[in-house]
Amino acid sequence: MAKSPRSSGYSSIPARPTGLKKLCLGQAIGAAWTNGPPARTIGLCEGFETAAAYMSLTGIQAWATMGAKRFHQLTIPSDVETLILLADNDTEGRRARDRAREAYKRPGLTIETEWPPGRMNDWAQLLKR
Numbered sequence: 638m639a640k641s642p643r644s645s646g647y648s649s650i651p652a653r654p655t656g657l658k659k660l661c662l663g664q665a666i667g668a669a670w671t672n673g674p675p676a677r678t679i680g681l682c683e684g685f686e687t688a689a690a691y692m693s694l695t696g697i698q699a700w701a702t703m704g705a706k707r708f709h710q711l712t713i714p715s716d717v718e719t720l721i722l723l724a725d726n727d728t729e730g731r732r733a734r735d736r737a738r739e740a741y742k743r744p745g746l747t748i749e750t751e752w753p754p755g756r757m758n759d760w761a762q763l764l765k766r
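First residue of the sequence shown: 638, per the working numbering; consecutive thereafter.
Quick look at the structure:
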């Protein structure tokens, strides 16, 4: 059950086919899976596996939005100078990258995009080879 920010009780998130329920405390909008305090350069990925893989491959800190639909909804700290968009290399990922590029525009922030090499869908696939 997830605690609703508008009430003191918990609300149930619909059961998954396996019968397990996903739990969320509070709202996920604006939040990300991170692997430490923000650096001056961060990568932004859809999933935490991709974020962990990208950091392992490049040494650049990467955060996960936990899905393409949240890719443009984070609060990027003001001390971040370069944001690397690392969306999945598919139709939804490209839409998410476009929304994020517009949402995160601000003076002093350089926004770049890096796609995984070849026909790979995300950076985690490089580690699975």
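Positions of the beta carbon are idealized from the N, C-alpha and C atoms, including for glycine. Computed from a predicted model, the values in this text were never measured in an experiment.
Excluding five sequence positions before and after Trp760, the CB atoms of its chain that fall closer than 6 Å to its own CB belong to Thr687, Ala690, Tyr691 and Pro753, given in chain order.
One Cα belongs to Arg738, the other to Leu722, and the distance between them is close to 8 Å. The alpha-carbon of Leu764 is positioned some 11 Å away from that of Met757. The alpha-carbon separation between Glu718 and Arg766 amounts to approximately 32 Å. Per DSSP, the beta-bridge partners of Thr750 are Leu722.
The beta carbon of Leu694 sits closer than 8 Å to the beta carbons of Trp760, Leu763 and Leu764 from its chain, once the five residues preceding and following it are set aside; these are given in chain order. Rounded to whole angstroms, Ile679 and Thr728 show a C-alpha spacing of 23 Å.
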